[in-house]
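Novice:
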Amino acid sequence: MRDSAPAQAGSTQPALHHPRTARALARHRGRSLRWLAVGVLMTIVFGGAARTGSHRGIEWLKNVGSPLLAAGLVCLALGVCGLYANARMRQSLKTGPWLTRRAHQFPPSRLKGVGLVLLDPSGALCPLLILATRQRHQRALTGSEDTLWWCPGPTGRGVLVRPEGDELLYVRRPFTAWGRRTRIEDATRAGLGA
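So the sequence shown is residues 6 to 199, counted in the working numbering.
1) Residues in the same chain with beta-carbon distance under 8 Å from Ala29, minus the five sequence neighbours each way, listed in chain order, please.
2) How big is the Cα-Cα spacing for Trp183 and Leu104?
3) If I measure Cβ to Cβ from Leu21 and keep anything under 8 Å in the same chain, skipping five residues before and after, which residues do I get?
4) Measuring alpha carbon to alpha carbon, tell me which of Thr138, Arg177, Arg141, Gln110 ends up nearest Pro157.
5) Whose C-beta lies closer than 6 Å to the C-beta of Ser91 among residues of the same chain, with five residues either side of it excluded?
6) Ordered along the chain, which non-local residues of its own chain (more than five positions away) have a Cβ less than 8 Å from that of Leu88?
7) Mark Ile135 as exposed unless 16 or more other C-beta atoms lie within 10 angstroms of its C-beta, in which case mark it buried.
8) Determine the closest residue to Trp154 out of Gly84, Pro24, Arg186, Asp125, with distance taken between C-alpha atoms.
Structural data, given as C-alpha coordinates:
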(Lines of atoms letter the chains of each structure in order from A and count residues from 1; the text may use other names and numbers.)
(Lines give C-alpha, C1' and ligand atoms only; values in the text may rest on other atoms or scores of the structure.)
Protein backbone atom coordinates (compact mmCIF):
# COMPACT_ATOMS: atom_id res chain seq x y z
CA MET A 1 0.00 0.00 0.00
CA ARG A 2 2.45 2.60 -1.20
CA ASP A 3 0.11 5.56 -0.58
CA SER A 4 -0.53 4.54 2.99
CA ALA A 5 2.76 2.88 3.66
CA PRO A 6 5.50 2.98 6.23
CA ALA A 7 5.39 6.72 6.80
CA GLN A 8 1.66 6.38 7.50
CA ALA A 9 1.71 3.08 9.39
CA GLY A 10 1.37 3.81 13.08
CA SER A 11 -0.51 7.08 12.55
CA THR A 12 -3.80 7.68 14.33
CA GLN A 13 -5.70 8.26 11.09
CA PRO A 14 -8.21 5.46 10.33
CA ALA A 15 -6.84 3.03 7.75
CA LEU A 16 -9.83 3.50 5.42
CA HIS A 17 -8.81 7.13 4.85
CA HIS A 18 -5.77 6.00 2.87
CA PRO A 19 -6.66 5.90 -0.87
CA ARG A 20 -4.96 2.60 -1.59
CA THR A 21 -6.70 0.90 1.31
CA ALA A 22 -10.07 2.15 0.06
CA ARG A 23 -9.30 0.85 -3.46
CA ALA A 24 -8.25 -2.55 -2.11
CA LEU A 25 -11.47 -2.79 -0.11
CA ALA A 26 -13.52 -1.81 -3.19
CA ARG A 27 -11.72 -4.51 -5.24
CA HIS A 28 -12.53 -7.09 -2.56
CA ARG A 29 -16.21 -6.06 -2.61
CA GLY A 30 -16.30 -6.22 -6.42
CA ARG A 31 -14.81 -9.73 -6.37
CA SER A 32 -17.43 -10.82 -3.82
CA LEU A 33 -20.25 -9.33 -5.90
CA ARG A 34 -18.99 -11.19 -8.99
CA TRP A 35 -19.00 -14.50 -7.07
CA LEU A 36 -22.53 -13.71 -5.88
CA ALA A 37 -23.77 -12.87 -9.41
CA VAL A 38 -22.21 -16.01 -10.90
CA GLY A 39 -23.75 -18.08 -8.09
CA VAL A 40 -27.23 -16.65 -8.62
CA LEU A 41 -27.01 -17.11 -12.39
CA MET A 42 -25.73 -20.70 -12.16
CA THR A 43 -28.31 -21.60 -9.51
CA ILE A 44 -31.18 -20.32 -11.62
CA VAL A 45 -30.02 -21.75 -14.95
CA PHE A 46 -28.72 -25.13 -13.84
CA GLY A 47 -31.35 -25.55 -11.12
CA GLY A 48 -33.98 -25.16 -13.83
CA ALA A 49 -32.11 -27.56 -16.11
CA ALA A 50 -31.81 -30.21 -13.39
CA ARG A 51 -35.47 -29.83 -12.48
CA THR A 52 -36.58 -30.02 -16.11
CA GLY A 53 -34.40 -33.08 -16.72
CA SER A 54 -35.83 -34.74 -13.62
CA HIS A 55 -39.49 -34.04 -14.46
CA ARG A 56 -39.30 -34.90 -18.14
CA GLY A 57 -37.05 -37.90 -17.75
CA ILE A 58 -34.14 -36.39 -19.69
CA GLU A 59 -31.35 -38.15 -17.87
CA TRP A 60 -28.40 -36.33 -19.47
CA LEU A 61 -29.89 -32.93 -18.63
CA LYS A 62 -30.33 -33.98 -15.00
CA ASN A 63 -26.80 -35.42 -14.91
CA VAL A 64 -25.28 -32.20 -16.26
CA GLY A 65 -27.51 -29.75 -14.38
CA SER A 66 -27.16 -31.22 -10.88
CA PRO A 67 -23.36 -30.88 -10.44
CA LEU A 68 -23.42 -27.42 -12.01
CA LEU A 69 -26.23 -26.44 -9.66
CA ALA A 70 -24.01 -27.52 -6.76
CA ALA A 71 -21.15 -25.43 -8.19
CA GLY A 72 -23.53 -22.47 -8.42
CA LEU A 73 -24.46 -22.86 -4.76
CA VAL A 74 -20.76 -22.88 -3.84
CA CYS A 75 -20.24 -19.66 -5.82
CA LEU A 76 -23.25 -18.16 -4.10
CA ALA A 77 -21.84 -19.06 -0.68
CA LEU A 78 -18.44 -17.57 -1.59
CA GLY A 79 -20.12 -14.33 -2.61
CA VAL A 80 -22.20 -14.06 0.55
CA CYS A 81 -19.23 -14.87 2.81
CA GLY A 82 -17.06 -12.39 0.90
CA LEU A 83 -19.61 -9.61 1.34
CA TYR A 84 -19.88 -10.39 5.06
CA ALA A 85 -16.08 -10.26 5.44
CA ASN A 86 -16.00 -7.03 3.42
CA ALA A 87 -18.49 -5.37 5.77
CA ARG A 88 -16.49 -6.49 8.80
CA MET A 89 -13.22 -5.29 7.23
CA ARG A 90 -14.81 -1.92 6.47
CA GLN A 91 -15.86 -1.63 10.12
CA SER A 92 -12.29 -2.33 11.30
CA LEU A 93 -10.69 -0.02 8.74
CA LYS A 94 -13.05 2.85 9.68
CA THR A 95 -12.12 2.71 13.34
CA GLY A 96 -8.49 1.65 13.53
CA PRO A 97 -5.16 2.87 12.14
CA TRP A 98 -2.53 0.73 10.40
CA LEU A 99 -0.04 -0.61 12.95
CA THR A 100 3.27 -2.29 12.06
CA ARG A 101 3.71 -5.68 13.76
CA ARG A 102 6.25 -8.50 13.64
CA ALA A 103 4.57 -11.78 12.71
CA HIS A 104 5.13 -15.50 12.50
CA GLN A 105 3.14 -17.35 9.84
CA PHE A 106 2.20 -21.01 10.10
CA PRO A 107 1.96 -23.41 7.20
CA PRO A 108 -1.70 -24.27 6.56
CA SER A 109 -3.01 -27.33 8.37
CA ARG A 110 -6.39 -29.03 8.54
CA LEU A 111 -6.45 -28.94 12.31
CA LYS A 112 -5.32 -25.35 12.90
CA GLY A 113 -6.32 -23.68 9.61
CA VAL A 114 -4.29 -20.82 8.17
CA GLY A 115 -2.92 -18.66 10.92
CA LEU A 116 -0.26 -16.42 12.30
CA VAL A 117 0.79 -14.74 15.51
CA LEU A 118 1.50 -11.01 15.80
CA LEU A 119 3.90 -9.52 18.33
CA ASP A 120 2.53 -6.48 20.14
CA PRO A 121 5.02 -3.71 21.06
CA SER A 122 4.41 -4.58 24.73
CA GLY A 123 5.70 -8.10 24.00
CA ALA A 124 2.29 -9.81 24.08
CA LEU A 125 1.55 -12.39 21.40
CA CYS A 126 -1.75 -12.17 19.51
CA PRO A 127 -2.80 -15.38 17.68
CA LEU A 128 -4.97 -14.90 14.59
CA LEU A 129 -6.84 -17.11 12.14
CA ILE A 130 -6.94 -15.94 8.51
CA LEU A 131 -10.41 -16.09 6.98
CA ALA A 132 -9.52 -16.39 3.29
CA THR A 133 -8.93 -19.06 0.73
CA ARG A 134 -5.48 -20.61 0.77
CA GLN A 135 -4.69 -19.07 -2.63
CA ARG A 136 -5.60 -15.54 -1.48
CA HIS A 137 -3.60 -16.02 1.71
CA GLN A 138 -0.50 -17.12 -0.19
CA ARG A 139 -0.83 -14.32 -2.76
CA ALA A 140 -1.42 -11.68 -0.08
CA LEU A 141 1.40 -12.58 2.30
CA THR A 142 4.12 -13.87 -0.02
CA GLY A 143 7.29 -11.86 0.43
CA SER A 144 6.19 -10.17 3.65
CA GLU A 145 9.23 -11.43 5.57
CA ASP A 146 8.15 -11.05 9.22
CA THR A 147 6.48 -7.64 9.23
CA LEU A 148 2.81 -7.02 8.53
CA TRP A 149 0.42 -4.13 8.93
CA TRP A 150 -2.46 -4.81 11.26
CA CYS A 151 -5.66 -2.82 11.64
CA PRO A 152 -7.43 -4.12 14.75
CA GLY A 153 -11.19 -4.04 14.93
CA PRO A 154 -13.37 -3.43 17.96
CA THR A 155 -14.36 -7.11 18.34
CA GLY A 156 -10.95 -8.83 18.25
CA ARG A 157 -11.16 -9.17 14.49
CA GLY A 158 -9.19 -7.10 12.06
CA VAL A 159 -7.44 -6.69 8.74
CA LEU A 160 -3.90 -7.63 7.70
CA VAL A 161 -1.84 -6.53 4.73
CA ARG A 162 1.84 -6.86 3.92
CA PRO A 163 3.78 -3.61 3.51
CA GLU A 164 3.46 -2.44 -0.10
CA GLY A 165 0.70 -5.04 -0.62
CA ASP A 166 -2.75 -4.70 -2.15
CA GLU A 167 -4.58 -7.78 -0.82
CA LEU A 168 -6.49 -7.24 2.41
CA LEU A 169 -7.02 -10.28 4.63
CA TYR A 170 -9.79 -10.55 7.21
CA VAL A 171 -8.62 -12.21 10.44
CA ARG A 172 -10.06 -13.14 13.81
CA ARG A 173 -8.80 -14.68 17.01
CA PRO A 174 -9.15 -18.48 17.25
CA PHE A 175 -12.37 -19.44 19.07
CA THR A 176 -10.84 -21.96 21.43
CA ALA A 177 -8.27 -21.50 24.16
CA TRP A 178 -6.47 -24.55 22.75
CA GLY A 179 -6.17 -22.86 19.33
CA ARG A 180 -4.79 -19.67 20.87
CA ARG A 181 -2.39 -21.53 23.17
CA THR A 182 -0.95 -23.83 20.47
CA ARG A 183 -0.36 -20.92 18.07
CA ILE A 184 1.44 -18.96 20.80
CA GLU A 185 3.56 -22.00 21.73
CA ASP A 186 4.50 -22.55 18.06
CA ALA A 187 5.42 -18.87 17.63
CA THR A 188 7.52 -18.89 20.80
CA ARG A 189 9.42 -21.98 19.58
CA ALA A 190 10.02 -20.16 16.26
CA GLY A 191 11.60 -17.23 18.14
CA LEU A 192 8.82 -14.62 18.05
CA GLY A 193 8.68 -12.74 21.31
CA ALA A 194 11.83 -14.37 22.58
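The beta carbon of each residue, even a glycine, is placed where N, CA and C say it ideally should be.
Every value quoted in this text rests on a predicted model; they were computed, and no experiment measured them.
Specialist: Taking the definition as stated:
1) Met6, Val166, Asp171, Glu172, Leu173
2) 27 Å
3) Only Ala27, Leu30, Arg95, Leu98, Lys99 meet the Cβ criterion.
4) Arg177
5) Before going further, note that residue 91 is Asn rather than Ser in the sequence given. Once the five neighbours on either side are set aside, the close Cβ partners of Asn91 are His33, Arg34, Ser37.
6) Arg34, Ser37, Leu38, Leu41
7) Counting Cβ neighbours within 10 Å, Ile135 comes out buried, since at least 16 surround it.
8) Asp125
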